[in-house]
Amino acid sequence: MEARRGFTGRVWGAGKLVMLLALLCVTYGVSFGMAMRLALRSRDVRVPELRGRTVNQASTSLTELGLPLKVEEARRSDPKVAAGLILAQDPVSGSTARRPRSVKVWLSAGPTVSRVPAVVGLTERTAQLRLEGEGVGIRDLAAVRSSAFPAGIIVAQNPAPGAAADTVSLLVNRGERGTTYVMPDLIGVNAEQAAEVLRVRGFRVALVAEQPYPGVPPGIVLRQSPLGGFQIAPGNAISLEVSR
Numbered sequence: 001m002e003a004r005r006g007f008t009g010r011v012w013g014a015g016k017l018v019m020l021l022a023l024l025c026v027t028y029g030v031s032f033g034m035a036m037r038l039a040l041r042s043r044d045v046r047v048p049e050l051r052g053r054t055v056n057q058a059s060t061s062l063t064e065l066g067l068p069l070k071v072e073e074a075r076r077s078d079p080k081v082a083a084g085l086i087l088a089q090d091p092v093s094g095s096t097a098r099r100p101r102s103v104k105v106w107l108s109a110g111p112t113v114s115r116v117p118a119v120v121g122l123t124e125r126t127a128q129l130r131l132e133g134e135g136v137g138i139r140d141l142a143a144v145r146s147s148a149f150p151a152g153i154i155v156a157q158n159p160a161p162g163a164a165a166d167t168v169s170l171l172v173n174r175g176e177r178g179t180t181y182v183m184p185d186l187i188g189v190n191a192e193q194a195a196e197v198l199r200v201r202g203f204r205v206a207l208v209a210e211q212p213y214p215g216v217p218p219g220i221v222l223r224q225s226p227l228g229g230f231q232i233a234p235g236n237a238i239s240l241e242v243s244r
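Residue numbers (full-length UniProt numbering): 1 to 244.
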């Protein structure tokens, strides 16, 4: 009986030892898992805002957090961010990164530089289309009237062709302003004398018909076109009906 109790005690003692070892293993496993989570969590940092900073400024901020900086070679044009400053980043600011993950940044190439094309000698419309194709706008459009150039042609530009600029000033020739006259009232005037005076001024005069008119001597203007008072310019046609 004593021997049986002794055997039972040894078995029970061994069981308790196994249970204790199992409990220790569980406790160790839980502690190890928590320690790993804490360790990993301690490696998580919040990514700072790098856009608009220089590479040196960004490198300093990331080094303090244990994050390496990787500068991408390709640069991107941007009208608002000066050349050499950080334009974009990955991961974005405010996100969580795990050390030692690197943070990639792209630098700005600055605004796109346009080269002014040569437009002198082109028509106003053609010049406008060429400028639009090069990304250059028209800042000012002034006009001059001259007989030295064809009407509607660009005669000057500023800046000169090849200059780096996004706008240009143009000077277009509107053509020489023609001389105009007021058509006189020729009714009752000698047609031949009137026609001679008008032809000297550059008008084309035609005697289109001769009509008998009682009491009026031959060769007198009875009707005219245009009528008196209208604006006329050299080269215009004038028709006269005269008496016979």
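Note that the Cβ used here is the ideal one computed from N, Cα and C, for glycine as well.
Please work out which residues of its chain come closer than 6 Å, Cβ to Cβ, to residue i, disregarding the five sequence neighbours upstream and downstream, and give them in chain order.
i, result
"residue 181", "232"
"residue 176", "145 and 147"
"residue 169", "139, 140 and 158"
"residue 183", "226, 228, 230 and 232"
"residue 95", "47"
"residue 172", "124, 143 and 154"
Is the CB-CB distance between residue i and residue j below 8 Å?
i, j, result
"residue 82", "residue 102", "no"
"residue 86", "residue 130", "no"
"residue 114", "residue 132", "no"
"residue 220", "residue 188", "yes"
"residue 208", "residue 243", "no"
"residue 105", "residue 50", "yes"
"residue 112", "residue 77", "yes"
Where do the ends of the alpha helix (DSSP H) carrying residue i lie?
i, result
"residue 130", "124 to 133"
"residue 65", "55 to 65"
"residue 200", "191 to 200"
In terms of residues, what are the limits of the beta strand (DSSP E) holding residue i?
i, result
"residue 206", "204 to 211"
"residue 49", "Counting along the chain, residue 49 falls outside any beta strand (DSSP E), and DSSP gives it neither H nor E."
"residue 170", "167 to 173"
"residue 120", "Neither: residue 120 is in no beta strand (DSSP E) and is coded neither H nor E."
Given this structure, state the Cα-to-Cα distance separating residue i from residue j, to the nearest angstrom.
i, j, result
"residue 194", "residue 213", "19 Å"
"residue 238", "residue 150", "28 Å"
"residue 211", "residue 240", "11 Å"
"residue 74", "residue 152", "44 Å"
"residue 30", "residue 44", "The predicted position of residue 30 is uncertain, since its pLDDT is 46 and thus under 50; no value can be drawn from it."
"residue 122", "residue 156", "10 Å"
"residue 84", "residue 110", "8 Å"
"residue 250", "residue 196", "Since the first and last residues shown for the chain are 1 and 244, residue 250 lies out of range."
"residue 64", "residue 71", "17 Å"
"residue 201", "residue 128", "39 Å"
"residue 80", "residue 89", "16 Å"
Should residue i be labelled buried (16 or more other beta-carbon atoms within 10 Å of its own) or exposed?
i, result
"residue 119", "buried"
"residue 224", "buried"
"residue 56", "exposed"
"residue 206", "exposed"
"residue 136", "buried"
"residue 164", "exposed"
Within the same chain, show all residues whose beta-carbon is closer than 8 Å to that of residue i, passing over the 5 residues directly before and after it, in chain order.
i, result
"residue 59", "69"
"residue 190", "219, 220 and 221"
"residue 199", "205"
"residue 61", "48, 50 and 53"
"residue 235", "202, 203 and 204"
"residue 93", "47, 48, 49, 50 and 51"
"residue 192", "219"
"residue 167", "136, 137, 138 and 139"
Going along the chain, which residues of its own chain have a beta-carbon closer than 7 Å to the beta-carbon of residue i, five neighbours each way excluded?
i, result
"residue 185", "228"
"residue 161", "116, 117 and 118"
"residue 33", "Its pLDDT being 49, under 50, residue 33 is placed unreliably by the model, and nothing is read from it."
"residue 99", "43, 45, 66 and 67"
"residue 267", "The first residue shown for the chain is 1 and the last is 244, placing residue 267 beyond what the model contains."
Just to confirm, does residue i get its C-beta within under 7 Å of one of the non-hydrogen atoms of the ligand PLP?
i, result
"residue 154", "This structure does not include the ligand PLP; it has no bound ligands of any sort."
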